[in-house]
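According to numbering that gives the first Met the number 0, the sequence shown is numbered sequentially starting from 0.
So the structure is just underneath, and the comments pick up after that.
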Amino acid sequence: MCSIFLYKASKLDMTRCGGGQDYYRNYRRIVHFWKQAIGVTEDPSALRRWMIAGPEVSHLVAQYEAACGTKEGTEHTSHHEETERAQRVFFENVEKLSQAMKDMGNPFQEESRDLLSLDTKDIAHHTAAELIGTHLEKCKVRFQEFMKGLEGEEESTFYEPIKKNRVDFFRQSRECDLKEFFRHENQSHPAALSDGGKLHTCQKSHLTTILESQVTTPEAEPDADTIIIDGAAFEEYAMLDVLPTIQAYSTKYKRTDIVFDVYRPSSLKAETRSKRGRGVRRRVTGKGKIPSNWRNFLRENDNKAELFNFLADKIARVATPNVVIVTKEEDAVSNRTINLAGVAPCSHEEADTRIFLHARHATEAGSKVIMVKASDTDVVVIAVSVLQALQELGLQQLWVAFGQGQHLRWVPVHDLCCTLAEKSKGMLFFHAFTGCDVISAFRGKGKKSAWQTWDVCDEASGVFSKLSQYPPVVDDEDLKTLEKFVVMMYDRSSTAEGVDDARLDMFCSEAEAV
Numbered sequence: 000m001c002s003i004f005l006y007k008a009s010k011l012d013m014t015r016c017g018g019g020q021d022y023y024r025n026y027r028r029i030v031h032f033w034k035q036a037i038g039v040t041e042d043p044s045a046l047r048r049w050m051i052a053g054p055e056v057s058h059l060v061a062q063y064e065a066a067c068g069t070k071e072g073t074e075h076t077s078h079h080e081e082t083e084r085a086q087r088v089f090f091e092n093v094e095k096l097s098q099a100m101k102d103m104g105n106p107f108q109e110e111s112r113d114l115l116s117l118d119t120k121d122i123a124h125h126t127a128a129e130l131i132g133t134h135l136e137k138c139k140v141r142f143q144e145f146m147k148g149l150e151g152e153e154e155s156t157f158y159e160p161i162k163k164n165r166v167d168f169f170r171q172s173r174e175c176d177l178k179e180f181f182r183h184e185n186q187s188h189p190a191a192l193s194d195g196g197k198l199h200t201c202q203k204s205h206l207t208t209i210l211e212s213q214v215t216t217p218e219a220e221p222d223a224d225t226i227i228i229d230g231a232a233f234e235e236y237a238m239l240d241v242l243p244t245i246q247a248y249s250t251k252y253k254r255t256d257i258v259f260d261v262y263r264p265s266s267l268k269a270e271t272r273s274k275r276g277r278g279v280r281r282r283v284t285g286k287g288k289i290p291s292n293w294r295n296f297l298r299e300n301d302n303k304a305e306l307f308n309f310l311a312d313k314i315a316r317v318a319t320p321n322v323v324i325v326t327k328e329e330d331a332v333s334n335r336t337i338n339l340a341g342v343a344p345c346s347h348e349e350a351d352t353r354i355f356l357h358a359r360h361a362t363e364a365g366s367k368v369i370m371v372k373a374s375d376t377d378v379v380v381i382a383v384s385v386l387q388a389l390q391e392l393g394l395q396q397l398w399v400a401f402g403q404g405q406h407l408r409w410v411p412v413h414d415l416c417c418t419l420a421e422k423s424k425g426m427l428f429f430h431a432f433t434g435c436d437v438i439s440a441f442r443g444k445g446k447k448s449a450w451q452t453w454d455v456c457d458e459a460s461g462v463f464s465k466l467s468q469y470p471p472v473v474d475d476e477d478l479k480t481l482e483k484f485v486v487m488m489y490d491r492s493s494t495a496e497g498v499d500d501a502r503l504d505m506f507c508s509e510a511e512a513v
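Written out as structure tokens, the structure is:
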């Protein structure tokens, strides 16, 4: 375009624009910045004159101010590539290129058909050279096909892009055995079993919901002759006067057992407990004030250990109508003279398992109906697993009081085992295999997905039952069944028998890997 028809948009170089563009730019400046249209819109003829002449007047005024110097510009007039640093870098690059051409030879005198690097003379693969050499002809062929397609609108339209024209020669192809590759982990932490080196967690309570749906829970609290209370459910009572609560339980039940956790520094649950945060260490005394932030107090393991020992001593001295037994670390104490050889000393760290030692002790002492008060899915799973052994000792019914307040319900474990049938024998391994406090869950797969897979994978029941026994014995057929279960958990339609083959299939189908 001839320079006499160009206008400078600003004082910077290389900012010229056409007359129509400059006209519109001045029009926007008037409307949006100078606000000269106020009052003109009331007269249509005046508005038309202003719209036509206003931008031109603005342009003339700007030229007059620039010529007279009445309006000093604040913009830099030099181009960004005219700076000293930009020029220095440019000349350095020119010198490097010239030196490379002197050392390696003039690239324009190269007579071979090889594709090579200018500075190192490294020769690319012959397929890359062939790709670049034939790229122009391929593009011409695609263009001719596109033009022919325009003759019939049903095949292509004018606005349809011509695809696959990019030259992808910056790609390295390697001979690779994918089956062998997917037999090994390519990350420091397995993505399916680890979250950056930490355990994948799942909602354990979903399993309790599934188990509750298998039976009918009563609306009223059932009768029992023994109650065993998980210390985790008993912690809230420590805020109040605990002795009346113990007396109420002792009046209602012939035997009351309270089982607390034992907190050890090298516990497997250290990571799970660390996620709950840390509290402030505080001395527990009989005359001390109750902490204002009770939950923060319970986050500190030493606080809970000292509190439980304090409560155990208090409960052991209380006068109650019936027997009360409470654990004190590895030992157990009672307010009556009773043989505690079956429950103490005990090396169990978790109250979840120690509860059922007390259930066995109570059954051997003549209890027929036992109520376990706990709000932990682990307790429900263990109760299902040990019921048969307790029934052989004479137990008739086993209940689990699950939840708190208005959400409290009573799960009949004896009815649940009848409904689950063969599955009840494999609940322990199923719960551990699909994720618990010390074992990682499978990524993206919780208890619901695992249970649905178990419903359609009947052969897994036998393996789960076998591995729920102690000591477990695993053979190659068991491992194949477990791998098939994992594959079905991620893809029900997969025909792969092993996890490695399934990972390969899902990788090739651009799905998330197992």
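Cβ atoms here follow ideal geometry from the backbone N, Cα and C, with glycine treated the same way.
Tell me whether residue i is buried or exposed, calling it buried when 16 or more other Cβ atoms sit within 10 Å of its Cβ.
| i | result |
| --- | --- |
| Gly434 | buried |
| Lys139 | exposed |
| Ser423 | buried |
| Glu136 | exposed |
| Tyr469 | exposed |
| Met488 | buried |
| Val88 | exposed |
| Tyr252 | buried |
| Val455 | exposed |
| Gly104 | exposed |
| Ser230 | First, the residue type needs correcting, since residue 230 is Gly and not Ser in the sequence shown. Gly230 is buried by the Cβ-count criterion. |
| Leu96 | exposed |
| Asn164 | exposed |
| Asp42 | exposed |
| Ala247 | exposed |
| Phe180 | exposed |
| Leu306 | buried |
| Leu407 | exposed |
Under the assumption that residue i contacts residue j (Cβ atoms under 8 Å), give the Cβ distance between them as a whole number of angstroms.
| i | j | result |
| --- | --- | --- |
| Ser439 | His199 | 5 Å |
| Ser333 | Val322 | 6 Å |
| Met166 | Ile122 | A small correction: the amino acid at residue 166 is Val; Met does not occupy that position in the sequence shown. Wrong, their Cβ atoms sit about 18 Å apart, outside the cutoff. |
| Leu177 | Leu503 | 6 Å |
| Glu220 | Trp409 | 6 Å |
| Leu114 | Pro106 | The Cβ separation is near 11 Å, so there is no contact. |
| Ala99 | Arg112 | That belief does not hold up - the Cβ atoms of Ala99 and Arg112 are roughly 21 Å apart, past 8 Å. |
| Ala501 | Phe484 | 11 Å between Cβ atoms; not a contact. |
| Thr452 | Gln213 | In fact, because the Cβ distance is near 17 Å, the residues do not count as touching under 8 Å. |
If you draw a straight line from the alpha carbon of residue i to that of residue j, how long is it in whole angstroms?
| i | j | result |
| --- | --- | --- |
| His413 | Lys372 | 16 Å |
| Cys175 | His124 | 18 Å |
| Lys514 | Glu94 | Missing from the structure shown is residue 514; the chain here goes from 0 to 513 and no further. |
| Asp351 | Pro189 | 30 Å |
| Leu517 | Val368 | Past the edges of the chain, shown from 0 to 513, lies residue 517, and the structure says nothing about it. |
| Gly328 | Ala340 | First, the amino acid is wrong: residue 328 is Glu here, not Gly. The straight-line gap from Cα to Cα measures roughly 15 Å. |
| Val399 | Ala431 | 20 Å |
| Ile257 | Asp436 | 22 Å |
| Gly72 | His58 | Residue placement at Gly72 cannot be trusted, given a pLDDT of 49 that sits under 50; what the coordinates show is reported in the next sentence. One C-alpha to the other measures close to 16 Å. |
| Ser493 | Ser187 | 27 Å |
| Thr319 | Ala343 | 22 Å |
| Gln86 | Asn92 | 10 Å |
| Lys444 | Glu211 | 20 Å |
| Gln405 | Asp477 | 44 Å |
| Met505 | Pro471 | 32 Å |
| Arg48 | Val56 | 12 Å |
Leaving aside the five residues before and after residue i along the sequence, list all residues of the same chain whose C-beta is less than 6 Å from its C-beta, in chain order.
| i | result |
| --- | --- |
| Phe426 | It should be pointed out that residue 426 corresponds to Met in this sequence rather than to Phe. Cβ within range, chain order: Val380, Val383 and Ser384. |
| Ser467 | Gly425, Leu427 and Phe428 |
| Leu386 | Leu397, Val412 and Cys416 |
| Thr215 | none |
| Arg442 | Ala191 and His199 |
Starting from the C-beta of residue i, find all residues in its chain whose C-beta is less than 7 Å away, skip the five residues before and the five after it, and write them out in chain order.
| i | result |
| --- | --- |
| Phe32 | Low confidence applies to Phe32: its pLDDT is 47, below 50, so where it sits in the model is not reliable, and the reading given next is rough at best. Here the set comprises nothing. |
| Trp479 | Looking at the sequence itself, residue 479 is Lys, so the reference to Trp does not match. Only Glu496 meet the Cβ criterion. |
| Thr82 | none |
| Gln403 | Ser374 |
| Ile161 | Arg141, Phe142 and Phe145 |
If distances are taken between C-alpha atoms only, which option among the options comes closest to residue i?
| i | options | result |
| --- | --- | --- |
| Phe463 | Lys483, Phe428 and Phe90 | Phe428 |
| Tyr158 | Asn164, Val166 and Leu149 | Leu149 |
| Arg254 | Arg335, Thr126 and Leu96 | Arg335 |
| Pro411 | Ala223, Pro106 and Arg353 | Ala223 |
| Ile227 | Gly195, Arg353 and Cys345 | Arg353 |
| Phe259 | Glu184, Glu349, Gly195 and Lys120 | Glu349 |
| Glu299 | Arg491, Glu211 and Pro264 | Pro264 |
| Thr376 | Phe401, His357, Ile51 and Leu419 | Phe401 |
| Ile245 | Val325, Ala358 and Arg491 | Val325 |
Could you name the residues of the same chain whose beta carbon sits closer than 8 Å to that of residue i, not counting the 5 residues immediately before and after it, in chain order?
| i | result |
| --- | --- |
| Thr514 | A question about residue 514 goes unanswered here, because the residues of the chain that appear run from 0 up to 513. |
| Lys446 | Cys201, Gln202, Lys203, His205, Leu206, Ile209, Thr433 and Gly434 |
| Val241 | Leu310, Lys313 and Ile314 |
Just to confirm, does residue i get its C-beta within under 6 Å of one of the non-hydrogen atoms of the ligand NAP?
| i | result |
| --- | --- |
| His357 | This structure lacks the ligand NAP; in fact it carries no ligand of any kind. |
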